[in-house]
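S.K.: Using the working numbering, read the sequence shown as starting at 71 and increasing by one per residue.
Cβ atoms here follow ideal geometry from the backbone N, Cα and C, with glycine treated the same way.
These numbers were taken from a predicted model, which means no experiment stands behind them.
The structure under discussion is supplied below as structure tokens; questions concerning it will follow.
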Amino acid sequence: MCIRDRYRGVSQSAGHHIASNALMENLIGTEDIKNPTPFDINIFGEYNIGGDLWEIKPILEKIGYRIVSTFTGDGSFHKLAQAHRAKLSILLCHRSINYTNRMMEEKYGIPWLKVNYIGTKATEKSLKKMAEFFDDPEITRKTEEIIAEETAKYRDEIEKYRKKLQGKTAFIYAGGSRSHHYTNLFEELGMKVVVAGYQFAHRDDYEGRQIIPHMQEKALGSILEDIHYEKDENVKPAVSPERIEELKKKIGLMDYEGLFPEMKDGTIVIDDLNHHETEALLKTLKPDIFCSGIKDKYWAQKHGIPSRQIHSYDYSGRYTGFSGVVNFARDIDMAMHSPTWRFIRPPWKGEGEE
Numbered sequence: 071m072c073i074r075d076r077y078r079g080v081s082q083s084a085g086h087h088i089a090s091n092a093l094m095e096n097l098i099g100t101e102d103i104k105n106p107t108p109f110d111i112n113i114f115g116e117y118n119i120g121g122d123l124w125e126i127k128p129i130l131e132k133i134g135y136r137i138v139s140t141f142t143g144d145g146s147f148h149k150l151a152q153a154h155r156a157k158l159s160i161l162l163c164h165r166s167i168n169y170t171n172r173m174m175e176e177k178y179g180i181p182w183l184k185v186n187y188i189g190t191k192a193t194e195k196s197l198k199k200m201a202e203f204f205d206d207p208e209i210t211r212k213t214e215e216i217i218a219e220e221t222a223k224y225r226d227e228i229e230k231y232r233k234k235l236q237g238k239t240a241f242i243y244a245g246g247s248r249s250h251h252y253t254n255l256f257e258e259l260g261m262k263v264v265v266a267g268y269q270f271a272h273r274d275d276y277e278g279r280q281i282i283p284h285m286q287e288k289a290l291g292s293i294l295e296d297i298h299y300e301k302d303e304n305v306k307p308a309v310s311p312e313r314i315e316e317l318k319k320k321i322g323l324m325d326y327e328g329l330f331p332e333m334k335d336g337t338i339v340i341d342d343l344n345h346h347e348t349e350a351l352l353k354t355l356k357p358d359i360f361c362s363g364i365k366d367k368y369w370a371q372k373h374g375i376p377s378r379q380i381h382s383y384d385y386s387g388r389y390t391g392f393s394g395v396v397n398f399a400r401d402i403d404m405a406m407h408s409p410t411w412r413f414i415r416p417p418w419k420g421e422g423e424e
């Protein structure tokens with residue numbers, strides 16, 4: 071099956087929605103899983119950038135989870151077809167694939183949980199939420215054990231980089247949930263995020279899903295169908311409605327608070343930047359690092375500001391999990407402290423000005 075509608079519509083997001091519809095209508099639910107377990111999960115919004123999935127997958131499997139399917143990094147046709155048999159779907163990139171999560175909950179009763187594996191604190195929080203969902207003593211024990219092991223293993227190295235990066239400033243402009251996730255990571259490293267923004271977000275990515283009932287639908291009816299489902303009578307949900315309501319309050323099940331609650335006072339949050347706006351902000355704020363994608367990074371570098379891609383990682387990574395913090399901090403340290411920046415004069419500096 072070939073889905074080529076990713077960029078259809080006014081933004082990339084409309085293409086994501088169309089692709090989600092195609093997956094639900096044509097693939098998910100067409101194959102059965104062999105030997106189901108109580109701890110079968112799906113991973114949504116993980117595209118294995120820089121091998122990120124390969125860092126998280128072993129951690130989840132050591133705890134005792136079985137990954138049924140990944141949407142869509144390192145995934146497969148047959149695994150996606152079996153996704154309806156999972157007990158829980160965990161969601162990383164909210165914007166790109168929350169549509170599929172919503173439809174799978176409607177049709178198959180599979181709840182979803184927003185997680186973040188960028189940073190040690192975020193990873194620990196996400197793993198504990200998953201353990202709370204399954205409420206199994208062995209899963210809880212293994213979760214605590216692995217968190218303790220991984221934290222101790224990388225603590226000293228992370229602290230080494232934190233001392234070098236403390237007080238530095240960052241400008242993040244990315245897609246999906248990445249600006250949110252990397253804000254957490256920069257703060258963990260002692261840095262301050264001065265600008266955070268998305269390239270194809272909706273209001274709920276900024277303000278949280280509580281704003282959805284107040285949002286107006288865009289006029290995309292000619293290319294975009296908002297599909298809803300009745301419950302499949304042949305599928306028995308793994309979790310009772312009463313437990314679902316309890317978990318909504320305890321761990322934020324099937325909810326996302328958005329970027330705003332994470333922003334400190336004075337941080338600029340901006341949507342869909344253009345070239346002029348980016349350069350104006352760089353000139354005014356003079357961040358120590360600019361994190362975005364391939365087409366944007368050179369704008370910053372021409373101004374003498376180091377840049378790192380957080381869409382493809384400049385052929386580096388992995389940035390997820392506990393070891394990912396070390397990899398990311400190392401790359402940011404190398405970018406900011408490279409001696410090459412001494413030979414580049416930003417346009418706003420005059421002759422002889424340092």
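Where does Arg415 fall in DSSP's three states?
M.R.: Residue state, collapsed to three classes: coil.
S.K.: Below 8 Å on the Cβ atoms is my contact criterion, and I expect Thr213 with Leu93 to pass it. Report the Cβ-Cβ distance as a whole number of Å.
M.R.: So it is not a contact: roughly 30 Å between Cβ atoms.
S.K.: I'd like to know whether the C-beta atoms of Tyr243 and Phe330 end up nearer to each other than 9 Å.
M.R.: No, the Cβ-Cβ distance between Tyr243 and Phe330 is not below 9 Å.
S.K.: For Asn168, is the classification buried or exposed, using 16 other Cβ atoms within 10 angstroms of its Cβ as the cut-off for buried?
M.R.: Per the 10 Å Cβ criterion, buried.
S.K.: For a test of the three-state rule: what should DSSP assign to Ser166, helix, strand or coil?
M.R.: Note: Ser166 maps to helix in three-state DSSP.
S.K.: Drop a sphere of 10 angstroms on the beta-carbon of Gly336, count the other beta-carbons inside from all chains shown, and report buried for 16 or more, exposed for fewer.
M.R.: Under this definition Gly336 is an exposed residue.
S.K.: Taking the alpha-carbon positions, what's the Phe203 to Ser377 distance?
M.R.: C-alpha separation (whole angstroms): 39 Å.
S.K.: Do three or more CB pairs link the segment 274-281 to the segment 205-212 at distances below 8 Å?
M.R.: Too few Cβ pairs lie closer than 8 Å, so no.
S.K.: Buried or exposed for Tyr326, going by 16 or more other Cβ atoms inside 10 Å?
M.R.: Tyr326 comes out buried.
S.K.: Under the three-state reduction of DSSP, which class applies to Glu117: helix, strand or coil?
M.R.: Going by the sequence as given, residue 117 is Tyr instead of Glu. DSSP places Tyr117 in coil when its eight states are reduced to three.
S.K.: Just reading off the beta strand (DSSP E) that Tyr268 is part of, what are its end residues?
M.R.: Unbroken beta strand (DSSP E) run through Tyr268: 262-268.
S.K.: Looking only at DSSP bridge pairs, what is Gln379 linked to?
M.R.: Bridge partners of Gln379: Ser362.
S.K.: Rank Thr239, Leu235, Gly189, Lys234 by C-alpha distance to the C-alpha of Thr221 and give the top, closest one.
M.R.: It is Gly189 whose Cα lies nearest to the Cα of Thr221.
S.K.: Got a sec, what are the start and stop residues for the alpha helix (DSSP H) Val339 sits in?
M.R.: It is not in any alpha helix (DSSP H) - Val339 instead sits in the beta strand (DSSP E) that spans 338-341.
S.K.: Considering only the alpha carbon of each residue, which of Asn304, Gln82, His154 lies closest to Glu95?
M.R.: Glu95 has its Cα closest to that of His154, out of Asn304, Gln82, His154.
S.K.: Who are the Cβ neighbours of Met324 in its own chain at under 6 Å, not counting the five residues just before and after it?
M.R.: Cβ within range, chain order: Pro181, Trp182.
S.K.: Do Ile216 and Lys132 have their C-beta atoms within less than 9 Å of each other?
M.R.: Yes, they are a contact pair.
S.K.: Determine contact between the segment 244-251 and the segment 406-418, defined as no fewer than three beta-carbon pairs at a distance below 8 Å.
M.R.: Touching, no, given that fewer than three Cβ pairs across the two stretches are closer than 8 Å.
S.K.: Tell me the DSSP bridge mates of Thr239?
M.R.: Lys262, per the DSSP bridge assignment.
S.K.: Could you please give me the residues that DSSP links to Gly391 through a beta bridge?
M.R.: Answer by DSSP bridge pairing, in chain order: Ile188.
S.K.: Let me know if Pro311 comes out buried or exposed under the rule of 16 or more other beta-carbons within 10 Å of its beta-carbon.
M.R.: Flag for Pro311 reads exposed.
S.K.: Go through its chain and collect everything with a Cβ distance to Asn186's Cβ below 8 Å, but skip five positions before and after it.
M.R.: Cβ neighbours of Asn186 beyond the five flanking positions: Leu162, Ala192, Thr193, Lys195, Ser196, Ser247, His250, His251, Asn254.
S.K.: In chain order, what residues of the same chain lie with their CB nearer than 8 Å to the CB of Ile364, ignoring the 5 residues before and after it?
M.R.: Gln379, His381, Ser382, listed in sequence order.
S.K.: For the beta strand (DSSP E) that contains Leu161, what are its first and last residues?
M.R.: It spans 158-161 - the beta strand (DSSP E) in which Leu161 sits, taken as one unbroken run.
S.K.: Along the chain, where does the alpha helix (DSSP H) that runs through Ile180 open and close?
M.R.: No alpha helix (DSSP H) contains Ile180, which DSSP labels as neither H nor E.
S.K.: Assign Ala289 to one of two classes, buried (16 or more other C-beta atoms within 10 Å of its C-beta) or exposed (fewer than that).
M.R.: Note that Ala289 has pLDDT 48, beneath the 50 cutoff, so the model's placement of it is unreliable and the number below is only indicative. It is exposed - the Cβ of Ala289 has fewer than 16 other Cβ atoms within 10 Å.
S.K.: Buried or exposed for Tyr299, please, with buried defined as at least 16 other CB atoms from any protein chain shown within 10 angstroms of its CB.
M.R.: It is exposed - the Cβ of Tyr299 has fewer than 16 other Cβ atoms within 10 Å.
S.K.: Between Ser139 and Asn112, which are expected to be in contact by the criterion C-beta below 8 Å, what is the C-beta distance as a whole number of angstroms?
M.R.: Confirmed, Cβ separation roughly 5 Å.
S.K.: With a CB to CB cut of under 8 Å and the five nearest residues on each side skipped, what residues in its chain are close to His86?
M.R.: Counting only Cβ-Cβ distances below 8 Å, and skipping sequence neighbours, we find Arg76, Arg165, Ser166, Ile167, Tyr169.
S.K.: What do you get for His373, buried or exposed, if any count of 16 or more other CB atoms within 10 angstroms of its CB means buried?
M.R.: That one is buried.
S.K.: Let me make sure I understand the geometry here. Which of Ile282, Leu150, Tyr231, Val339 has the alpha-carbon closest to that of Glu258?
M.R.: When only C-alpha atoms are compared, the closest one is Tyr231.
S.K.: My assumption, with CB atoms under 8 Å, is that Ile314 sits in contact with Lys199. Please give the rounded CB distance.
M.R.: Contact doesn't hold; Cβ gap of about 14 Å is too wide.
S.K.: Compare the beta carbon distance of Lys157 and Phe114 with 9 Å and say whether it is the shorter of the two.
M.R.: Not in contact: Lys157 and Phe114 (Cβ atoms no closer than 9 Å).
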